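S.K.: My questions all concern the structure below.
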Amino acid sequence: MSLLRTARLQSRAKLSYSARSATIVPRRFSSKNADKQTTIGVQPEYGPLGVNAAVKWSPKDPAPKPTLFPHELSVTDRVALISGANRGIGLEMALALVEAGARAVYCVDLPKTPGEEWEKTRLYAEKMQGKAGEGRLEYLHGNVTDQEAMWKIGETIGSREGRLDVGVAAAGVLKDHTDCLKYPAKQFQDVFNVNVNGVLFTAQAAGQQMEKFGNGGSLILIASMSGSITNKDHAWVSYNSSKSAVLQMARSMACELGPKRIRVNTISPGHIYTSMTAAYSDKQPHLLAKWSSLNPLGRIGRPDELRGVVTWLASDASTFCTGSDIIVDGGHRAW
């Protein structure tokens, strides 16, 4: 990419972000109400919003236009990095952000080249947008357990796009049923290396660019209901422990990064039928019926049922949400 194009992208990012920020951007205000606006936050430039907009509107004004979907629940022109996005939940979330208006979503995964599912999804997204270069799915080979490599991936994306607004750490592994009293050290370390270290390195890669460009942003770490409950009859001590670590990681990062307008939250799915869970459950057909019986809805989840929550967390609709865990488990934890 030429230096001129990079400069143009950076200029475009600075000009466009105030209306689409992942966090509320203050406007100029007088000294007499500065304390109030600093304390409660100010409306974004496309505001006022909601009831505040209704109260300020007059019948003499032009007809009001909705803001919820065009602005608050939109990620127009933003750039995202998603790990584990060659398939499964990560790819599902990547497509959701493209549909919500993202300029580019970088899918990072271990295979050197993307699989057929990813390629079909990329073409689908391209045809949906109708214009080349808009709403792009990009693929980058990367190992989330390699901190230096992940940081370089973040730098590459930032240099290409002039911004990085959303980071989703979705890469994870699940090992077979293993007795906790005889759990091999190497296997335990392997799980933590991906599910904990890899999540941190992914968050760092995206968060460093958010800090660099000063736009704030949203980090979304994929945890699990298994981080706060134990799956009945499953010996998954490494997986459950690793997901619990992700919950605490997100809370800690949220407190540290809040002043930089970088929000950090987790999503805790329940049993979702993905490529990873299929590799485990398809060997034991009775598991699907068992898992389905463990929540009030009487079924397991689909990856597309996470599209809404990741879009919400990535967008301005969730600007007062940080350090939170969003549970999507069909009510499993309610029993």
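Residue numbering for the sequence shown is 16 to 350, as defined by this note's numbering. Yeah, the Cβ is synthetic: ideal placement off N, Cα and C, and Gly gets one too. For clarity, every value in this text was computed on a predicted model and none was experimentally measured.
Go ahead and pull the three-state DSSP assignment for residue 344.
M.R.: Reduced to three states, the DSSP call for residue 344 is coil.
S.K.: I'd like the list of long-range same chain contacts for residue 211, defined as Cβ closer than 8 Å, with 5 residues on each side in sequence excluded.
M.R.: So the list reads 257, 260, 261, 264, once near-sequence residues are dropped.
S.K.: Quick check: what's the CA-CA separation for residue 329 versus residue 234?
M.R.: Cα-Cα distance, rounded: 8 Å.
S.K.: Based on DSSP bridge pairs, tell me the residues matched to residue 152.
M.R.: According to DSSP, residue 152 bridges with 120.
S.K.: Taking the straight line between their C-alpha atoms, what separation do you get for residue 351 and residue 130?
M.R.: Here the chain has residues from 16 to 350 only, and residue 351 is not among them.
S.K.: Where residue 179 and residue 300 are concerned, what is the direct C-alpha to C-alpha distance, given to the nearest angstrom?
M.R.: If I take the Cα positions, the gap works out to 42 Å.
S.K.: DSSP beta-bridge partners for residue 232?
M.R.: Beta-bridge pairing links residue 232 to 277.
S.K.: With 16 as the cutoff for other CB atoms within 10 Å, does residue 176 come out buried or exposed?
M.R.: So residue 176 ends up on the buried side.
S.K.: Please classify residue 93 as buried or exposed, where buried requires at least 16 neighbouring CB atoms within 10 angstroms.
M.R.: Label assigned to residue 93: buried.
S.K.: Start and end of the alpha helix (DSSP H) containing residue 109?
M.R.: Taken as a continuous stretch (DSSP letters only), the alpha helix (DSSP H) holding residue 109 covers 103-114.
S.K.: Identify the residues that DSSP records as bridge partners of residue 284: which are they?
M.R.: Answer by DSSP bridge pairing, in chain order: 343.
S.K.: Can you name, in chain order, every residue of its own chain whose Cβ lies under 8 Å from the Cβ of residue 43, other than the five neighbours on each side?
M.R.: Its pLDDT being 39, under 50, residue 43 is placed unreliably by the model, and nothing is read from it.
S.K.: Give the single residue among 281, 120, 87 whose Cα lies nearest to the Cα of residue 241.
M.R.: Comparing Cα positions, the closest option is 281.
S.K.: Decide yes or no for the touch test of the segment 79-99 against the segment 112-132: beta carbon pairs closer than 8 Å, at least 3 of them.
M.R.: The segment 79-99 is in contact with the segment 112-132.
S.K.: How big is the Cα-Cα spacing for residue 46 and residue 340?
M.R.: Here residue 46 scores only 48 on pLDDT, less than 50, and its place in the model should not be relied on; the value that follows carries that caveat. Between residue 46 and residue 340, the C-alpha separation is close to 37 Å.
S.K.: Compare the C-alpha of residue 322 against each of 75, 103, 292, 302 and name the closest.
M.R.: When only C-alpha atoms are compared, the closest one is 103.
S.K.: Among the candidates 96, 67, 276, 159, whose CA atom is the shortest distance from the CA of residue 334?
M.R.: Considering only alpha carbons, the answer is 276.
S.K.: Taking all protein chains shown into account, do 16 or more other C-beta atoms lie within 10 angstroms of the C-beta of residue 331, making it buried, or fewer, making it exposed?
M.R.: Buried, by the Cβ-count rule.
S.K.: Measuring only the C-alpha atoms, how far is residue 142 from residue 68?
M.R.: One C-alpha to the other measures close to 36 Å.
S.K.: Please go through the segment 178-241 and give each complete alpha helix (DSSP H) segment of 4 or more residues, from N-terminal end onward.
M.R.: Runs of the alpha helix (DSSP H) inside the segment 178-241: 200-207, 213-228.
S.K.: Using 8 Å as the Cβ pair cut-off and three pairs as the minimum, do the segment 185-200 and the segment 239-254 touch?
M.R.: Judged by Cβ distances under 8 Å, the segment 185-200 makes contact with the segment 239-254, as three or more pairs qualify.
S.K.: Can you tell me the Cα-Cα spacing of residue 246 and residue 58, whole angstroms?
M.R.: If you take the alpha carbons of residue 246 and residue 58, they lie about 43 Å apart.
S.K.: Could you have a look at residue 244 and say whether DSSP puts it in helix, strand or coil?
M.R.: Three-state DSSP puts residue 244 in coil, outside helix and strand.
S.K.: Excluding the 5 residues flanking residue 270 on each side, which residues of the same chain have their C-beta closer than 7 Å to its C-beta?
M.R.: For residue 270, where only same-chain residues beyond five positions count, the Cβ hits under 7 Å are 338.
S.K.: Can you grab the Cα-Cα spacing for the pair residue 79 / residue 61, in whole Å?
M.R.: Near 12 Å, if we compare the C-alpha coordinates of residue 61 and residue 79.
S.K.: Around the C-beta of residue 124, are 16 or more other C-beta atoms found within 10 angstroms, so that it is buried, or is it exposed?
M.R.: Residue 124 comes out buried.
S.K.: Can the beta-carbon of residue 63 be found less than 8 Å from the beta-carbon of residue 71?
M.R.: Yes; because the gap between Cβ atoms is below 8 Å, this pair is in contact.
S.K.: How big is the Cα-Cα spacing for residue 159 and residue 216?
M.R.: C-alpha separation (whole angstroms): 7 Å.
S.K.: Could you tell me the boundaries of the alpha helix (DSSP H) in which residue 290 lies?
M.R.: Here the alpha helix (DSSP H) through residue 290 covers 290-296.
S.K.: Between which two residues does the alpha helix (DSSP H) containing residue 70 stretch?
M.R.: Unbroken alpha helix (DSSP H) run through residue 70: 65-71.
S.K.: Taking its Cβ as the centre, do 16 or more other Cβ atoms sit within 10 Å of residue 324, making it buried, or is it exposed?
M.R.: By the neighbour-count rule (16 or more Cβ atoms within 10 Å), residue 324 is buried.
S.K.: Cα separation between residue 144 and residue 291?
M.R.: Rounded to the nearest angstrom, the two C-alpha atoms are 29 Å apart.
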